[in-house]
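For the sequence shown, numbering that gives the first Met the number 0 gives the first residue as 0, with consecutive numbering after it.
One structure below.
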Amino acid sequence: MGFNLAEDRAKPRLLIVEDDPENQKFLNIFLKNKFEMDFCDSAESFYLKLRDRKYDIILMDISLRGTKDGLQITRELRSNPDYQNMPIVGLSAHAFQKDKENAYNAGIDIFITKPVQGHILLESLASALKQKAGIILE
Numbered sequence: 000m001g002f003n004l005a006e007d008r009a010k011p012r013l014l015i016v017e018d019d020p021e022n023q024k025f026l027n028i029f030l031k032n033k034f035e036m037d038f039c040d041s042a043e044s045f046y047l048k049l050r051d052r053k054y055d056i057i058l059m060d061i062s063l064r065g066t067k068d069g070l071q072i073t074r075e076l077r078s079n080p081d082y083q084n085m086p087i088v089g090l091s092a093h094a095f096q097k098d099k100e101n102a103y104n105a106g107i108d109i110f111i112t113k114p115v116q117g118h119i120l121l122e123s124l125a126s127a128l129k130q131k132a133g134i135i136l137e
């Protein structure tokens with residue numbers, strides 16, 4: 000499965016996995032001009048979204064409420080050949096070195112901590128898209 004933009008889409012499609020409604024609002028306001036976005040707040044809703052649409056990149060909150068956290072979801076994605084090269088940016092309120100190591104070991108491509116400055120978030124998403132999918136963010 001390739002991850003090139005469909006010709007009829009001007010913006011990359013981003014799946015945001017975030018269970019905090021306030022964070023979802025911030026992300027929507029900040030990223031809506033650069034991405035087509037869908038939001039989900041749990042592993043269950045994540046897999047429903049992933050089944051129904053093709054995404055170019057995922058922004059994964061590491062600490063999700065529910066049955067699985069963002070690292071478990073990322074490990075599952077990386078074990079599936081269809082998603083091994085999907086760009087995944089991890090977002091966490093935990094800034095310890097061990098948290099970063101755990102994220103990279105799970106398969107996160109870029110790890111950033113909350114609260115995140117908007118330009119850092121955008122640069123991280125753009126970098127992951129370019130490195131993993133060859134997509135240049137306009």
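Using N, Cα and C, we set each Cβ at its ideal position, and we do this for glycine too.
Put simply, of Gly117, Ser126, Glu75 and Ser62 the residue whose alpha carbon is nearest the alpha carbon of Ala105 is Glu75.
For Arg12, the pairing in a beta bridge is given by DSSP as Glu35.
Assigned with DSSP and collapsed to three states, Gly106 falls in coil, not helix or strand. Between the alpha carbons of Ile57 and Thr66 lies a gap of roughly 19 Å.
Per DSSP, Ser126 is one residue of the alpha helix (DSSP H) stretching across Gly117 to Ala127. Counting of Cβ neighbours within 10 angstroms places Ala92 among the exposed residues, the total staying below 16. Note that the region 40-48 does not touch the region 83-91; fewer than 3 beta-carbon pairs, one per stretch, sit closer than 8 Å.
The three-state secondary structure of Leu70, taken from DSSP, is helix. Collapsing the DSSP output to three states places Asp60 in a strand. When secondary structure is reduced to three states using DSSP, Leu30 falls in the helix class. For Ser44, the enclosing alpha helix (DSSP H) stretches over residues Ala42 to Asp51. Membership of Gly89 in the beta strand (DSSP E) is indicated by the continuous run Ile87 to Ser91.
Pairing Ala127 with Ile107 gives a Cβ-Cβ distance that is not under 7 Å.
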